[in-house]
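Enquirer: Below you'll find the structure I mean.
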Amino acid sequence: MKKVELIVTLKPQVLDTQGEALNRAVHELDHDEINNIRVGKVLYFDIDETDDAKIDENVRQLSEKLFTNTVIETYSYKVLEEVSQ
1 MKKVELIVTL KPQVLDTQGE ALNRAVHELD HDEINNIRVG KVLYFDIDET DDAKIDENVR
61 QLSEKLFTNT VIETYSYKVL EEVSQ
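Start counting the sequence shown at 1; every next residue gets the next number (full-length UniProt numbering).
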């Protein structure tokens with residue numbers, strides 16, 4: 001069993017209204033050195049699989065059918081660790 005970290009973000013051409021709001025708030029707090037905030041989501045899950053090709057297939061399939069809206073979002077993932085049962 002392995003632990004997966006899946007990162008979902010808006011595509012660069014999609015307006016990130018949450019990121020824009022945070023950017024304004026950060027500047028109002030006088031942190032002008034911070035810019036271009038983008039908001040996304042991170043999912044962590046365990047997968048009961050050891051074969052890397054099958055992990056890739058499962059993660060891609062679920063990401064494209066369930067975890068992301070592929071019209072406006074993109075995703076990346078990495079296997080973090082072996083989980084002991």
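C-beta atoms are modelled at their ideal positions from N, C-alpha and C, and glycine is treated no differently.
(1) Indicate whether Leu15 and Arg38 have their beta-carbon atoms separated by less than 8 Å.
(2) Would you say Leu6 and Val59 are within 8 Å of each other, going by their C-beta atoms?
(3) In its own chain, which residues sit with a C-beta less than 7 Å from the C-beta of Thr74, not counting the 5 before and 5 after it?
(4) Here's the rule I'm using: 16 or more other beta-carbon atoms within 10 Å means buried, otherwise exposed. How should Val4 be labelled?
(5) Run through DSSP, which three-state label would Asp32 get?
Expert: So, to answer that:
(1) no
(2) yes
(3) Thr9, Lys11
(4) buried
(5) coil
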